[in-house]
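Chemist: Would you mind keeping the following structure in view while I ask a few things?
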């Protein structure tokens, strides 16, 4: 009778690296600062682990923007780092207003993050296995 050890190892390896679906939504900022050009033209870049999930549309001349975009990542894993970068669109160079990073956990979570240049980013995510 052949040993079942290789099969058992294969099953155990697949269980330890289980992939999950990440859904990020309800992104909004309160109190973005003004710059020399006027009120901020904000947008958010979204990353999970090494994956670039995209960015929101630019919300022009709004210190309290809210975005309707949702982002999904089908190969997320618990404890991956979710990274959100809030930017101000300008003519030549976009300004980085702040970065929010968090290890993702299974379930639905809601967070606020204080931005380095002023303002508070609010977002929600769901990680399901």
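Residue numbers (full-length UniProt numbering): 1 to 129.
C-beta: ideal position from N, C-alpha, C; glycine also.
1) Run the CB neighbour count on residue 111, radius 10 Å, all protein chains shown included, and call it buried at 16 or more, exposed below.
2) Just to confirm, are residue 42 and residue 62 a CB contact at a threshold of 8 Å?
3) Going along the chain, which residues of its own chain have a beta-carbon closer than 7 Å to the beta-carbon of residue 9, five neighbours each way excluded?
4) Would residue 103 and residue 79 be called neighbours here (beta carbons separated by less than 8 Å)?
5) What residue from 33, 90, 51, 27 has the CA that sits closest to residue 121's CA?
6) What number of angstroms, rounded off, separates the C-alpha of residue 195 from the C-alpha of residue 33?
7) Measure the alpha-carbon distance for residue 118 versus residue 21 and round it to whole angstroms.
8) Is residue 67 near residue 44, with beta carbons less than 8 Å apart?
9) Would the C-beta of residue 20 count as close to the ligand GDP, meaning under 7 Å from any of its heavy atoms?
10) Would you mind reading off the limits of the beta strand (DSSP E) that contains residue 55?
11) What is the C-beta distance between residue 84 and residue 46, in whole angstroms, given that I count them as a contact (C-beta under 8 Å)?
12) Measure the C-alpha to C-alpha separation of residue 52 and residue 36 and round it to an integer number of angstroms.
13) Would you report the Cα separation of residue 109 and residue 25, rounded to the nearest angstrom?
Modeler: Reading it off the structure:
1) What you label residue 111 is simply residue 111 of the chain shown in a count that begins at 1. Exposed, since its Cβ has fewer than 16 Cβ neighbours within 10 Å.
2) Residue 42 sits at position 42 when you count from the first residue of the chain shown. Residue 62 sits at position 62 when you count from the first residue of the chain shown. Yes, they are a contact pair.
3) Here residue 9 corresponds to residue number 9 of the chain shown, with the count starting at 1. Its pLDDT being 43, under 50, residue 9 is placed unreliably by the model, and nothing is read from it.
4) Your numbering for residue 103 matches position 103 in the chain shown. Your numbering for residue 79 matches position 79 in the chain shown. Yes, Cβ-Cβ distance for residue 103 and residue 79 is below 8 Å.
5) In the chain shown, the residue the question calls residue 121 occupies position 121. The residue with the shortest Cα to Cα distance from residue 121 is 27.
6) Only positions 1 to 129 of the chain appear in the structure, and residue 195 is not among them; the question remains open.
7) Within the chain shown, numbered from 1, the residue matching residue 118 stands at position 118. Within the chain shown, numbered from 1, the residue matching residue 21 stands at position 21. Spanning the two alpha carbons is a distance of roughly 31 Å.
8) In the chain shown, counting from the first residue as 1, residue 67 sits at position 67. In the chain shown, counting from the first residue as 1, residue 44 sits at position 44. In contact: residue 67 and residue 44 (Cβ atoms closer than 8 Å).
9) Among the components of this structure there are no ligands whatsoever, and the ligand GDP is therefore not found.
10) Residue numbering aside, residue 55 sits at position 55 when the chain shown is read from its first letter. Per DSSP, residue 55 belongs to the beta strand (DSSP E) from 51-55.
11) In the chain shown, the residue the question calls residue 84 occupies position 84. In the chain shown, the residue the question calls residue 46 occupies position 46. Sure, about 6 Å apart at Cβ, within 8 Å.
12) For the purposes of this step, residue 52 is taken as residue 52 along the chain shown, with counting starting at 1. For the purposes of this step, residue 36 is taken as residue 36 along the chain shown, with counting starting at 1. Using only the alpha carbons, I get a separation of about 30 Å.
13) Locating residue 109 in the chain shown gives position 109, counting from the first residue. Locating residue 25 in the chain shown gives position 25, counting from the first residue. Roughly 11 Å between the two C-alpha positions.
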